[in-house]
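Visitor:
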Amino acid sequence: MKLNERSLAFYATCDSPADNAGFLYKRGERHTAYHRRWFVLKGNMLFYFEERESREPVGVIVLEGCTVELCDSAEEFTFAIRFGGAKSRTYVLAAESQAAMESWVKSLSRASFDYMRLVVRELEKQLEEMRWGPAGGCGGCRQLPGSWKPKSSGPERSPERLLALPTVLPKENGCAVWNNEPGADQPPDTSSCGGYDSEGNPRPPPLPPRRRASSSEAGSVGVAAAESTSIFCRLHEQYGQEVARLRQDWLERQCGPRP
1 MKLNERSLAF YATCDSPADN AGFLYKRGER HTAYHRRWFV LKGNMLFYFE ERESREPVGV
61 IVLEGCTVEL CDSAEEFTFA IRFGGAKSRT YVLAAESQAA MESWVKSLSR ASFDYMRLVV
121 RELEKQLEEM RWGPAGGCGG CRQLPGSWKP KSSGPERSPE RLLALPTVLP KENGCAVWNN
181 EPGADQPPDT SSCGGYDSEG NPRPPPLPPR RRASSSEAGS VGVAAAESTS IFCRLHEQYG
241 QEVARLRQDW LERQCGPRP
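Rendered as structure tokens:
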């Protein structure tokens, strides 16, 4: 992935709210000493600066395909960001308190797009349950209201349809052509140009006329669309309030005393 340095620097220092921010101790790659850095988490990107007032980040960690886990170290409140692969680097970080470590581990574990994808799937599942109710005892299948039909004791059989199936199906371009009209099991009559061409191959049926939806069907579609829109609005308002509360907490932390 190609990253533009100026765009990253602007995104790291712009006024957009951060998912988490604070001081962490970062262990060096070559030297095992820990250095105090200011970290800012925005989306799936973890920026770190030399100081809180720095105008450009020292580096960035893209949190995709990684795991966040606690690790044993001489420093307290230590955790690591590990990536898959033999030559991938492992970032070892240390917080200043137990609460700060738990907050960072939680926010970093939720920063990837894989986690967001799981959240979207869960919201879609909740939306379906709100619309049609929880899955019944038929193996997780869902049926529309009014679509249940009693199951017959045996398979449905239509004598006319069974008689209409030919013993040897005619083929067109290597595919069998089904014809349920009476007399379909008879060989095609090539004397006329009705349903077959001069070589005895069946002609494709004419295209059916375009069906127009009735006013009742259009009304039912409109009611369903209005219902789904209202459900989405309720979900949007619920999660919007949570985002506003998190933003207010972030603003209060920004206005607080600096360490």
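Letter 196 of the sequence shown, counting from 1, is numbered 196 in UniProt numbering, and no numbers are missing. Ideal Cβ placement from N, Cα and C applies to all residues, glycine included.
1) Can you list, in chain order, the stretches of the alpha helix (DSSP H) that have 4 or more residues and sit fully within the segment 87-140?
2) Can at least three beta-carbon pairs, one atom from the segment 88-106 and one from the segment 23-35, be found at a separation below 8 angstroms?
3) Which residues in the same chain have their Cβ closer than 7 angstroms to the Cβ of E75, if we skip the five residues on either side of it in sequence?
4) Pairs of beta-carbons, one from the segment 109-128 and one from the segment 50-58, closer than 8 angstroms: are there three or more?
5) DSSP beta-bridge partners for G22?
6) Which of helix, strand or coil does DSSP assign to N180?
7) Which whole-angstrom value describes the C-beta separation of I81 and C66, a residue pair presumed to lie in contact below a C-beta threshold of 8 angstroms?
8) Return the chain-ordered list of same chain residues with a C-beta closer than 7 angstroms to the C-beta of E61, the five sequence neighbours on each side being excluded.
9) Looking at the secondary structure, which residues open and close the alpha helix (DSSP H) in which residue 272 lies?
10) Just to confirm before moving on: does the CB-CB distance between V120 and V68 stay below 7 angstroms?
11) Quick one: what's L246 bridged to in DSSP?
12) Can you tell which of S73, E128 and E29 has the C-alpha that lies nearest to the C-alpha of G59?
13) Considering Cα atoms alone, identify which of N20, F23, R27 and F49 is closest to L8.
14) With a Cβ-Cβ cutoff of 7 angstroms, do R247 and P57 count as a contact?
15) Mapping DSSP to helix, strand and coil, what is A80?
16) Alpha carbon to alpha carbon, how far is E5 from E237? Give it in angstroms, no decimals.
Guide: Inspection of the coordinates gives the following:
1) The DSSP assignment places complete alpha helix (DSSP H) segments of no fewer than 4 residues inside the segment 87-140 at 98-109 and 113-132, in order along the chain.
2) Note that the segment 88-106 touches the segment 23-35; at least 3 beta-carbon pairs, one per stretch, sit closer than 8 angstroms.
3) Working through the sequence shown from its first residue, we reach residue 75 at position 75. Here the set comprises Y25, Y34 and A94.
4) No: fewer than three Cβ pairs fall under 8 angstroms.
5) Position 22 of the sequence shown, counted from the start, is the residue given in the question as residue 22. Looking at the DSSP output, G22 shares a beta bridge with F39.
6) Taking the sequence shown and counting its residues from 1, one reaches residue 180 at position 180. Any reading at N180 needs caution, since the residue's pLDDT is 46, under 50, leaving its predicted position unreliable; the model's value is listed next. Correct three-state label for N180: coil.
7) If you number the sequence shown from 1, residue 81 lands on position 81. If you number the sequence shown from 1, residue 66 lands on position 66. 5 angstroms between Cβ atoms; contact.
8) Here residue 61 refers to the residue found at position 61 when the sequence shown is read from its first residue. Before going further, note that residue 61 is Ile rather than Glu in the sequence given. The beta carbon of I61 lies closer than 7 angstroms to those of L46, I81 and Y91 in the same chain, with the five residues before and after it left out.
9) No answer is possible for residue 272: the residues shown for the chain start at 1 and end at 259.
10) Against the sequence shown, residue 120 aligns to sequence position 120. Against the sequence shown, residue 68 aligns to sequence position 68. Going by beta carbons, V120 and V68 fall outside the 7 angstroms limit.
11) Along the sequence shown, one-based indexing puts residue 246 at 246. According to DSSP, L246 bridges with nothing at all.
12) On the sequence shown, residue 59 is found 59 positions in, with the first residue counted as 1. The residue with the shortest Cα to Cα distance from G59 is E29.
13) Translated into positions along the sequence shown, residue 8 becomes position 8. Closest option to L8, Cα to Cα, is F49.
14) Here the question's residue 247 lines up with position 247 in the sequence shown. Here the question's residue 57 lines up with position 57 in the sequence shown. No, the pair does not count as a contact, with Cβ atoms beyond the cut-off.
15) Here residue 80 refers to the residue found at position 80 of the sequence shown. Strand at A80.
16) Stepping through the sequence shown from its first residue, residue 237 is reached at position 237. Stepping through the sequence shown from its first residue, residue 5 is reached at position 5. A direct Cα-Cα distance of roughly 36 angstroms separates E237 from E5.
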